[in-house]
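This report refers to the structure that appears directly beneath it.
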């Protein structure tokens, strides 16, 4: 899919795991690559993943393949960087 091909050039991504819940949402990041929303998603075991989703019909959320963090704010900071990369 489009998002996977875009991110493969920069950082590996995957689909959010079943049961993950967005717990922190950052400000949208806009650029020539679109408008992206960074977020931190809680997963089982008290960890958090850095995720982004593109605004628009038919778009989906993807998560960084980086190891999960124990802090939602850290995951959100990583997600902001991921969103900036996607928007660039």
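Numbering (the numbering used here), first residue to last: 269 to 356. Glycine included, each C-beta is placed from N, C-alpha and C at the ideal position. Model, not experiment: these values are computed from the prediction.
- By the criterion of a C-beta distance shorter than 6 Å, residue 296 is surrounded in its chain by 303 and 305, once the five residues flanking it on both sides are discounted.
- For residue 283 and residue 354, the gap between their C-alpha atoms comes out near 16 Å.
- Beta-bridge partners of residue 317 (DSSP): 309.
- The C-alpha of residue 356 is placed about 22 Å away from the C-alpha of residue 342.
- It is roughly 12 Å from the alpha-carbon of residue 322 to the alpha-carbon of residue 347.
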